[in-house]
Amino acid sequence: MCFKREQLSEDDITEFARECKKFRHKLQRKIIITLNDIDSNARLRAMEEKIWAWDINNLNQLFDAFSKPRVIA
0 MCFKREQLSE DDITEFAREC KKFRHKLQRK IIITLNDIDS NARLRAMEEK IWAWDINNLN
60 QLFDAFSKPR VIA
């Protein structure tokens, strides 16, 4: 899992995918969470790399589903 404060770009997805490939055991889920918007090209790149890319709205929806406090940035 990776957290990023700035807007998520395609280069960030590529770098994160490269780092995930270094692990010996295959990872079950690869998730990037950003506090800002996700570039449309970055979202497509994440889908190609099988990475879940969430912005703060998606994260808050998940927290609402489980009755947890929301994230405010």
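So the sequence shown is numbered by numbering that gives the first Met the number 0: it starts at 0 and just counts up by one. Glycine residues also receive a C-beta, built at the ideal position from the N, C-alpha and C atoms. Keep in mind it's a predicted model, so treat the numbers as computed, not measured.
Residue closest to residue i, alpha-carbon to alpha-carbon, out of the options
i: residue 8; options: 68, 61, 31 and 55; result: 31
N- and C-terminal bounds of the alpha helix (DSSP H) containing residue i
i: residue 12; result: 9 to 19
i: residue 45; result: 39 to 47
i: residue 62; result: 55 to 64
Contact under 8 Å by Cβ, residue i with residue j
i: residue 45; j: residue 12; result: yes
i: residue 51; j: residue 28; result: yes
i: residue 54; j: residue 36; result: yes
Where the beta strand (DSSP E) through residue i begins and ends
i: residue 50; result: First-last for residue 50: undefined, no H or E at that position.
Beta-ladder partner(s) of residue i, from DSSP
i: residue 32; result: 2 and 53
8 Å Cβ cutoff, residue i in contact with chain D
i: residue 61; result: No chain D is present in this structure, which holds just one protein chain.
Does the structure place the segment 50 to 59 close enough to the segment 18 to 38 that three or more beta carbon pairs sit under 8 Å?
yes
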